[in-house]
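Novice: Below you will find the structure I want to go over with you.
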Amino acid sequence: MKRPGLHTVGASLCVGYVVLLLATAGAIGLSRDEGIYVDAAQRYAGWLELLAREPGAALTRNNIDAAFQTNHEHPPLMKLLFGLGFLAQRAFHAFASDSQAFRFAGMLSAGLLVWLIYVFGARAFSRSAGLFAACAFALLPRPFYHAHLNAFDVPITLACTAVIYAYYRSLRDPRFAWLTGFTFGLALLTKHNSWFLPGIFAIHFSVCAFLERRQRARTGIRNMSLVPYWLLAMLGLGPLMFVAGWPWLWHDTLARVNSYLGFHTHHEYYNMEYFGVNYFWPPFPSSYAWIMTLFTVPLTTLLLGSAGLVYEAQASWLRPKPDATQTTVLLLGALLAPLVVISIPTTPIFGGTKHWFTAYPFLALFAGRGFQALLAALPVRAGRGRALLSWGAGAWLLLPAAVETAHSHPFGLSHYTVAAGGVPGAAEKGMNRQFWGFTTRSLVPYLRSVLPNGGTLYVCDTIYWAFEMLIRDGLLPPTFRPTGEIAQADYALVHHEKHFAEVDHQIWTTYGSVRPAYVLRYDGVPIISVYKNPRNAGSR
Amino acid sequence: MLRPKGLERSRSSWWWLWASLLSVPLFELSRHAWIVTHVPSDADYRAAASFVRSQFQAGDLITGAPSFIDPIVRLHLGDLITPAMAGRSDDAAYERIWVISIRDAVPADAPRTTPQLEREFGRVRVLRYALGKSPVLFDFTGAWSIASATIVRGGSEQACPMRAGGVPRGGGLGKGVLMPFSRRFECDSDRPWLVMGPVVMEDLDNQPRACIWQHPQGQEPVSLRFPNVPIGDQLVFYGGLYYESERMREGGPVEATIAIDGVARARFTHRDGDGWKRSVVNTQELAGRHTEVSISVRAPEPHQRSFCWSASTRRARVGAP
Chain W
189 MKRPGLHTVG ASLCVGYVVL LLATAGAIGL SRDEGIYVDA AQRYAGWLEL LAREPGAALT
249 RNNIDAAFQT NHEHPPLMKL LFGLGFLAQR AFHAFASDSQ AFRFAGMLSA GLLVWLIYVF
309 GARAFSRSAG LFAACAFALL PRPFYHAHLN AFDVPITLAC TAVIYAYYRS LRDPRFAWLT
369 GFTFGLALLT KHNSWFLPGI FAIHFSVCAF LERRQRARTG IRNMSLVPYW LLAMLGLGPL
429 MFVAGWPWLW HDTLARVNSY LGFHTHHEYY NMEYFGVNYF WPPFPSSYAW IMTLFTVPLT
489 TLLLGSAGLV YEAQASWLRP KPDATQTTVL LLGALLAPLV VISIPTTPIF GGTKHWFTAY
549 PFLALFAGRG FQALLAALPV RAGRGRALLS WGAGAWLLLP AAVETAHSHP FGLSHYTVAA
609 GGVPGAAEKG MNRQFWGFTT RSLVPYLRSV LPNGGTLYVC DTIYWAFEML IRDGLLPPTF
669 RPTGEIAQAD YALVHHEKHF AEVDHQIWTT YGSVRPAYVL RYDGVPIISV YKNPRNAGSR
Chain L
37 MLRPKGLERS RSSWWWLWAS LLSVPLFELS RHAWIVTHVP SDADYRAAAS FVRSQFQAGD
97 LITGAPSFID PIVRLHLGDL ITPAMAGRSD DAAYERIWVI SIRDAVPADA PRTTPQLERE
157 FGRVRVLRYA LGKSPVLFDF TGAWSIASAT IVRGGSEQAC PMRAGGVPRG GGLGKGVLMP
217 FSRRFECDSD RPWLVMGPVV MEDLDNQPRA CIWQHPQGQE PVSLRFPNVP IGDQLVFYGG
277 LYYESERMRE GGPVEATIAI DGVARARFTH RDGDGWKRSV VNTQELAGRH TEVSISVRAP
337 EPHQRSFCWS ASTRRARVGA P
């Protein structure tokens, strides 16, 4: 069925969101993982240049390994795209800063995701539901932070949502099976979250097939094909694209695939504070993903999504003509699967909320469904008044999310909603305050004021490439140098996370004082303490 | 549009749900506004700190509540907060406690009584509690440098000389206590961790502990001897390991022998998972004497047994409210 204007609205949402991300990205410093991906992207970009210049040389094992050895624990798709941004910046100065060049592909992924959520919602429910869902997703504080980054969490959310959408369409139109396989290949090349998709589809398709058989036996009417074309496409295209698109796998393929699988099935554990306890080893609390969702998704969005889910489930149950594609079951499966996987006590919980971002488009879609049902319940007749009231209701229901998202910037990982008592409430409860060391960017005005001629900084959790980007972007002059030596630094930073307390204590012992020179705060909660080295006090 | 007929029956209950959902943004926005407008300003903290500073006297303890404001309290009053105060094992050395409080919080170590004094500075409250006369007679951690240090090798005891200088190397997660400390007893230059001296170390609960680092070398002891220690009713001993050495619960036990006047009075055994462990040695029969106290540390498997301890001799606390 043709839906005029559908993609015009979707594209507008996409462009608007990308423009918003570009405008706000400068305030967010490069995170730890981004720093690693910048290094990888530059190496991959170098290989792309070689491929264009001397294809024969580029395809030798030595050159492939030299480029793709870096960060080979993650597939290359996004890093190649980050690298293209870097090449565009170098050739045309296409972006306002180097960091923006690396991050553009990530921001574009976020824009495309908003577009896709709109289209998905419009197909599954209605345009108003799709529009509300797209805005509700765009205005989630944590995803808003991640949407700025040259990292994989928002791109894999786009990729997984795209595969689910293609699969959903393929149930009625087998031509979409190819798109399912193709997007699955892209998802495999983006991040390992994609491994769970066949399981979700297998369960959903079994439900559909069971009900379809029963329906056929009763009425003789065929609503959908019982041949899993999507599965054939996923099995055929997915692994093929995965290997073909990742040069690292072109040699020693089996060993390297095994190594990749092994890295993620036996992933290292990191520290994460949760209700005052520093978790670093399994078993991890099964409530983590659920409570963190409650504490970080704006309350109105969460309640509307929950109400929409219940309403839609009830509507599906009572619907006289069953939905052959079992939309509710699919969306519910896509929503719950990531949360359930994180709830397994052996699954690492180090990434805050980002590891179940793939659930959020579906939470947003249910919020859209709730909004649609709410509009239907409005006691106003169709016409201009109703349209105005609908827009007004939508804006009113999205306003808290917009306010909280705006307030979360640029401290997205430190932000907690009113359900946690806000940022100070979460700090009092002992919730993780940040990770990745990106908040050093917010110290730039202070650092420039106390070290006008530059100096040496112990930068704690900020990785070298991330600090270097502050200089590349012109935020700090090259006279600032990062060091791993607390005793040698002019100033030492501590990013406040529970397990980083030891750095505080190292500084106290080394500097002989517990007094910081400055404390960066967000809503009154310490984010970074800065200590001045008394030995170097007179040096500048 | 999906408009199932069956839903009509439950329409009125859904109508109420949707109507009530429209009120959620009002709650969320007003709560958000309340939270962000009730954050104490720097001026509030400055005024509170200025008041505490004007009344501060020797024997006072300063702390913040809730604990997340601790860096802000140290920013404003850090010149009065020594590493020993920040890393205290308990409040026995102090006679009054100042609490810089926001959000009506009170720290766990404040007495459960009415404060002696209470003042408000904007959104910051200052509370002062009386703890009573300090029962501490002798603080081993503060007096570490009067001790003599020895190591036993092959059955013979050798002195560990005092060294000063050197620059601590590195920093960061998993690095633990940075070596060398500025002043320490050095037992083996080839094993830089085989030293004794004061540090602030992170315990199993990620809390700072001002303590004496005394890493075991094996079954043969490393010892610190304190001369002329005033003995009271009890000797309170705390010990633990650096967080990352202990948290996997894979290491062997560490044993500290507390000897008074050459006689072993207590054996303190620390096993992984114990955290910052307290032990009280009853010394009433020796109360009033001044004599030598030694702490000897050993461990069958000394690898990463980053033992650190603090202790004091005390009389029974009197005059507490």
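So the sequences go chain by chain: W and L.
Okay, so the first sequence: first residue is 189 according to the numbering used here, each after it adds one.
Okay, so the second sequence: first residue is 37 according to the numbering used here, each after it adds one.
Positions of the beta carbon are idealized from the N, C-alpha and C atoms, including for glycine.
Kindly indicate the opening and closing residues of the beta strand (DSSP E) around F304/L.
Specialist: 299-306
Novice: Which same chain residues end up closer than 8 angstroms to S630/W when comparing Cβ atoms and leaving out the 5 residues on each side of it in sequence?
Specialist: A215, G217, P598, F599, L708, I715, I716
Novice: Between the beta-carbon of P427/W and the beta-carbon of F256/W, is there less than 7 angstroms?
Specialist: Note that the C-beta distance between P427/W and F256/W is not below 7 angstroms.
Novice: For Q194/L, list the residues DSSP reports as bridge partners.
Specialist: I187/L
Novice: Should the segment 156-171 of chain L be called in touch with the segment 130-146 of chain L, which here means at least 3 C-beta pairs below 8 angstroms?
Specialist: yes
Novice: Taking all protein chains shown into account, decide if Q194/L is buried (16 or more other Cβ within 10 angstroms of its Cβ) or exposed.
Specialist: By the beta-carbon neighbour count (other beta carbons within 10 angstroms, threshold 16), Q194/L is exposed.
Novice: Using the DSSP secondary-structure output, state which residues sit across from W134/L in a beta bridge.
Specialist: I98/L, R164/L
Novice: Taking only three categories from DSSP, how would you classify P435/W?
Specialist: helix
Novice: Closest Cβ-Cβ distance between W54/L and chain W: below 7 angstroms?
Specialist: yes
Novice: For a quick check, are the C-beta atoms of P102/L and V236/L less than 7 angstroms apart?
Specialist: For P102/L and V236/L, no; Cβs fall outside 7 angstroms.
Novice: Quick one: Cα of R669/W to Cα of M619/W, how far?
Specialist: Approximately 32 angstroms, taken between the alpha carbons.
Novice: Using a beta-carbon distance below 7 angstroms, is V60/L in contact with chain W?
Specialist: yes
Novice: Going by the DSSP bridge assignment, what does H334/W pair with across the sheet?
Specialist: According to DSSP, H334/W bridges with nothing at all.
Novice: Provide the residue span of the alpha helix (DSSP H) that contains W345/L, from first to last.
Specialist: Element bounds for W345/L: not the alpha helix (DSSP H) but the beta strand (DSSP E), 343-350.
Novice: Which class does L260/L belong to by DSSP, given the choice of helix, strand or coil?
Specialist: strand
Novice: Given that Y333/W touches chain L, what residues does it touch there, using C-beta distances under 9 angstroms?
Specialist: Taking the beta carbon of Y333/W as reference, no residue of chain L falls within 9 angstroms; the closest one sits roughly 17 angstroms away.
Novice: Between E238/L and chain W, is any beta-carbon pair separated by less than 7 angstroms?
Specialist: yes
Novice: For W505/W, is the classification buried or exposed, using 16 other Cβ atoms within 10 angstroms of its Cβ as the cut-off for buried?
Specialist: exposed
Novice: What are the residues that DSSP puts in a beta bridge with S315/L?
Specialist: DSSP, once it has assigned bridges, lists F273/L as partnering S315/L.
Novice: For I187/L and chain W, any beta-carbon pair shorter than 7 angstroms?
Specialist: no
Novice: Would you kindly work out how many angstroms separate the C-alpha atoms of G726/W and A350/W, rounded to a whole number?
Specialist: Because G726/W sits at a pLDDT of 48, beneath the cut-off of 50, its placement in the model cannot be relied upon, and the following sentence gives the value as read from the coordinates. Straight-line Cα distance between these residues: approximately 58 angstroms.
Novice: Which residue marks the beginning of the alpha helix (DSSP H) containing S297/W, and which one marks its end?
Specialist: 286-312
Novice: Could you confirm whether any beta carbon from chain L is found closer than 7 angstroms to the beta carbon of G610/W?
Specialist: yes
Novice: Taking 7 angstroms as the CB-CB cut-off, is W696/W touching chain L?
Specialist: yes
Novice: Check whether the segment 341-357 of chain W and the segment 376-393 of chain W are in contact - that is, three or more C-beta pairs closer than 8 angstroms.
Specialist: yes
Novice: Please report whether the beta-carbon of W579/W lies at a distance below 7 angstroms from any beta-carbon of chain L.
Specialist: Chain L contact via Cβ: absent.
Novice: Can you tell me whether F217/L is buried or exposed? The criterion is at least 16 other CB atoms within 10 Å of its CB, across all chains shown.
Specialist: Buried, since its Cβ has 16 or more Cβ neighbours within 10 Å.
Novice: Roughly how many whole angstroms lie between the Cα atoms of T513/W and R357/W?
Specialist: 9 angstroms
Novice: Leaving out the 5 sequence neighbours to the left and right, which residues in its chain are closer than 8 angstroms to L425/W when beta-carbon positions are compared?
Specialist: W366, G369, F370, F372, G373
Novice: Spell out a yes or no on whether the segment 199-209 of chain L and the segment 261-277 of chain L are touching, meaning 3 or more CB-CB pairs, one atom from each, closer than 8 angstroms.
Specialist: no
Novice: Less than 7 angstroms between CB atoms is the rule here; does Y458/W satisfy it with respect to chain L?
Specialist: no
Novice: Taking the beta strand (DSSP E) that Y604/W falls in, what are its first and last residues?
Specialist: Boundaries for Y604/W: no beta strand (DSSP E) harbours it, and the DSSP string shows neither H nor E there.
Novice: If A607/W and L491/W are in contact, beta carbons under 8 angstroms, what's the gap, nearest whole angstrom?
Specialist: So it is not a contact: roughly 10 angstroms between Cβ atoms.
Novice: Look at the Cβ atom of D649/W, then the Cβ atom of H693/W, and state whether they are nearer than 7 angstroms.
Specialist: In this structure, D649/W keeps its C-beta atom at 7 angstroms or more from the C-beta atom of H693/W.
Novice: Go through its chain and collect everything with a Cβ distance to L178/W's Cβ below 7 angstroms, but skip five positions before and after it.
Specialist: Residue 178/W lies beyond the range of chain W shown here (189 to 728); nothing can be said about it.
Novice: Once the 5 residues before and after P704/W are set aside, which same chain residues still bring their CB inside 7 angstroms of it?
Specialist: S717, V718, Y719
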